[in-house]
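For reference, the structure discussed in these notes is given below.
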Amino acid sequence: MKSCRSSAFLVCLIGVMSQLHASEISVAVAANFTAPMQKIAAEFEKDTGYKVNAAFGSTGKFYAQIRNGAPFEVLLSADDETPTRLVAENAAVAGTQFTYAVGKLVLWSSRPAVVDAAGEVLKKGDFEHIALADPKLAPYGAAAVQAMKALSVYDVLAPKVVTAENITQSYQFISTGNARLGFVALSQVLKDGKIEGSAWLVPARLYQPIRQDAVILEKGKGKPATEALMKFLQGNKAKAVIKSYGYDLP
10 MKSCRSSAFL
20 VCLIGVMSQL
30 HASEISVAVA
40 ANFTAPMQKI
50 AAEFEKDTGY
60 KVNAAFGSTG
70 KFYAQIRNGA
80 PFEVLLSADD
90 ETPTRLVAEN
100 AAVAGTQFTY
110 AVGKLVLWSS
120 RPAVVDAAGE
130 VLKKGDFEHI
140 ALADPKLAPY
150 GAAAVQAMKA
160 LSVYDVLAPK
170 VVTAENITQS
180 YQFISTGNAR
190 LGFVALSQVL
200 KDGKIEGSAW
210 LVPARLYQPI
220 RQDAVILEKG
230 KGKPATEALM
240 KFLQGNKAKA
250 VIKSYGYDLP
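Residue numbers (my numbering): 10 to 259.
What follows is the structure in structure tokens.
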């Protein structure tokens, strides 16, 4: 940083603050990608010097916030439809959208032997509550509904559904025992290649592919930091982290 003489202090201070702001990126990240993004952000900051300020939540809520002027510069969505919609509405930069991960849906219980390896527990229905993220806001919640409908159990189980605000809250409902089982992202329960409790990896044929896309938003247009992050997400270091959490790569 240049030294600031008293006569030019204000101008210099503004310049310094602008430099600091330019070195930070505000990123809206789908809740299911919390743990991987924390690791990726740390590696990115180490390699580039840019700082990532990440907020984690449901894709649907982020969409509403972005359309209402939230200062996010990059969106890491839990689907591919929301970034496409934002581009069409001129709220995101055309040509910057790409799939960074393909998600996997899991029926999970924090307790052993609750969820069987074939998901038959859904047909038995011998539980009081089943948790899932709000299907109107969270793609993983929508996928859970699709899977239950494909298995012809949704109408029976609907009264037992506990709707979470996002996939993180769905995990919390299950892990605390407020719901005996529920649907989460594989990345949330996979630790060192193993799943604690009991789980059924829902076959991909039962729900639409969860293609998770990233896009630069209008507030991040033309900024070196946002472009660097997008490049990093497509590099080998980020891909290794993404795979380690059970995601498929596009």
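Glycine included, each C-beta is placed from N, C-alpha and C at the ideal position.
Remember, predicted model here, so these are calculated numbers, not experimental data.
Cβ-based neighbour list, valine 170, same chain, cut-off 7 Å, excluding 5 preceding and 5 following: Sequence index remark: in the sequence shown, residue 170 carries index 161 (1-based). So the list reads Ile139, Leu141, once near-sequence residues are dropped.
Span of the beta strand (DSSP E), counted from its first residue to its last, around serine 207: The residue you call residue 207 lines up with position 198 of the sequence shown. Note, serine 207: beta strand (DSSP E), 207-210.
Close Cβ partners of alanine 153 (< 6 Å) along its chain, the five nearest in sequence each way excluded: Here residue 153 corresponds to residue number 144 of the sequence shown, with the count starting at 1. Excluding positions up to five away in sequence, the list reads Leu141, Phe192.
Among Ala37, Ile219, Asp164, Ile251, the one whose alpha carbon lies nearest that of valine 61: Counting from one through the sequence shown, the residue named residue 61 turns up at place 52. Of the candidates Ala37, Ile219, Asp164, Ile251, the one whose C-alpha sits nearest the C-alpha of valine 61 is Ala37.
Glutamine 106 classed as buried or exposed, judged by whether at least 16 other C-beta atoms fall within 10 angstroms: Residue 106 sits at position 97 when you count from the first residue of the sequence shown. Buried is the call here.
Terminal residues of the alpha helix (DSSP H) in which arginine 120 lies: The sequence position of residue 120 within the sequence shown is 111, counting from 1. Where arginine 120 is concerned, there is no enclosing alpha helix (DSSP H), given that its DSSP letter is neither H nor E.
Coil, strand or helix - proline 259 by DSSP: Residue 259 sits at position 250 when you count from the first residue of the sequence shown. Residue state, collapsed to three classes: coil.
The alpha helix (DSSP H) enclosing glutamate 52, as first and last residue numbers: Mapped onto the sequence shown, residue 52 falls at position 43. Bounds of the alpha helix (DSSP H) holding glutamate 52 are 43-57.
Beta-carbon spacing of valine 250, isoleucine 49 below 7 Å: Residue numbering aside, residue 250 sits at position 241 when the sequence shown is read from its first letter. Residue numbering aside, residue 49 sits at position 40 when the sequence shown is read from its first letter. Contact: yes.
Contacts around serine 32, its chain only, beta-carbon distance under 7 Å, and the 5 residues preceding and following it disregarded: As a position in the sequence shown, residue 32 is number 23, starting the count at 1. Apart from the 5 residues on each side of it in sequence, serine 32 sits with its Cβ closer than 7 Å to the Cβ of Gly58, Tyr59, Lys60, Ala234 in its chain, given in chain order.
Alanine 79 versus threonine 68: straight-line alpha-carbon distance, rounded: Taking the sequence shown and counting its residues from 1, one reaches residue 79 at position 70. Taking the sequence shown and counting its residues from 1, one reaches residue 68 at position 59. Using only the alpha carbons, I get a separation of about 14 Å.
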